[in-house]
Every structure is written in structure tokens, then in C-alpha cells.
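Encoded as C-alpha cells, the structure appears first; notes follow it.
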Amino acid sequence: MEWLKDAIIRGDIKSYNCTEFSAPKQMIGKGGFGVVYKSEWNNRGLTIALKKLNKIPSNEEETIKGFVKKLKHLQRVYKHQHVIEFYGVT
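Position 29 (the sequence shown) corresponds to 29 in UniProt numbering; numbering is contiguous.
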């Protein structure tokens, strides 16, 4: 997932250490990019949705660019009632 590493290095996506989160408690959904689990953000006392991404082949450049673009937009939207807040990746 070189594309993800590049996005983190550029500052497009924030990165967190996986030790900050509890082990996934239960699957709550799945979609085109991966599976979503209920988890806890230990030091913040938050219940979160933790999405485990499917591997995206590096030759699917447009899919990767679109995904990173969506994540960048989600990071810029704060506290809107119709948008789930995106914190970053681990």
C-alpha cells in the first residue's frame, strides 16, 4: 500500500498507532473498500468505527486517487450532523 504511505507522508491523511485502539469488537458493516468494525479509542474514551481496508492493486491509480481525495475531504469537515468524522488511519 505504497499509495497510502505516500498520502501520510504528504500530510493528506493522519496516521495513529494501532495500540491506541481496542481490538475490533464486532463487525458492523462492509463495503467496496473494506469491512467496518466497532472499536474503542482507548485514550480518548470514544467508540469508533474502524474500517479494515481491502488491498487495492497499485495499478488502479484512479481508484486510489479517488479514495485519498475522499479521505482528505472528510478530514476537513468537522462536526456536521450528516457527516461521520474521519480521524485518520492506523
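Beta carbons: idealized from backbone N, C-alpha and C, even for Gly.
Check whether the Cβ atoms of D12 and K70 sit closer than 8 Å, and answer yes or no.
Residue numbering aside, residue 12 sits at position 12 when the sequence shown is read from its first letter. Residue numbering aside, residue 70 sits at position 70 when the sequence shown is read from its first letter. Taking 8 Å as the Cβ cut-off, D12 and K70 do not qualify as a contacting pair.
Bridge partners for L46 per DSSP, in chain order?
The residue labelled residue 46 in the question sits at position 46 within the sequence shown. According to DSSP, which records beta bridges pairwise, L46 is partnered with W41.
For S15, which residues from the same chain have a beta carbon less than 8 Å from its beta carbon, with the 5 sequence-adjacent residues on both sides left out?
The sequence position of residue 15 within the sequence shown is 15, counting from 1. Taken in chain order, the residues that qualify are I8, G88, V89 and T90.
Quick one: using the 10 Å Cβ neighbour count with 16 as the cut-off for buried, is L46 buried or exposed?
For the purposes of this step, residue 46 is taken as the residue at position 46 of the sequence shown. With fewer than 16 other Cβ atoms inside 10 Å of its own Cβ, L46 counts as exposed.
Beta-carbon within less than 8 Å of G34's beta-carbon, same chain only, minus the 5 sequence neighbours each way: which residues are those?
Stepping through the sequence shown from its first residue, residue 34 is reached at position 34. For G34, where only same-chain residues beyond five positions count, the Cβ hits under 8 Å are K51, K52, L53 and N54.
For Q26, the first and last residue of its enclosing beta strand (DSSP E)
On the sequence shown, residue 26 is found 26 positions in, with the first residue counted as 1. Where Q26 is concerned, the enclosing beta strand (DSSP E) stretches over Q26 to K30.
Can you give me the Cβ contacts of N42 inside the same chain, cut-off strictly under 7 Å, excluding the 5 residues immediately before and after it?
For the purposes of this step, residue 42 is identified with residue 42 of the sequence shown, where counting begins at 1. Closer than 7 Å at the Cβ level, and outside the excluded window around N42, lie E20, F21 and S22.
Please report how far the alpha carbon of G29 lies from the alpha carbon of S39, in whole angstroms.
Taking the first residue of the sequence shown as position 1, residue 29 is located at position 29. Taking the first residue of the sequence shown as position 1, residue 39 is located at position 39. Going from the Cα of G29 to the Cα of S39 covers about 13 Å.
Could you spell out where the alpha helix (DSSP H) holding G66 opens and where it closes?
The count along the sequence shown starts at 1 and reaches residue 66 at position 66. Unbroken alpha helix (DSSP H) run through G66: E61 to R76.
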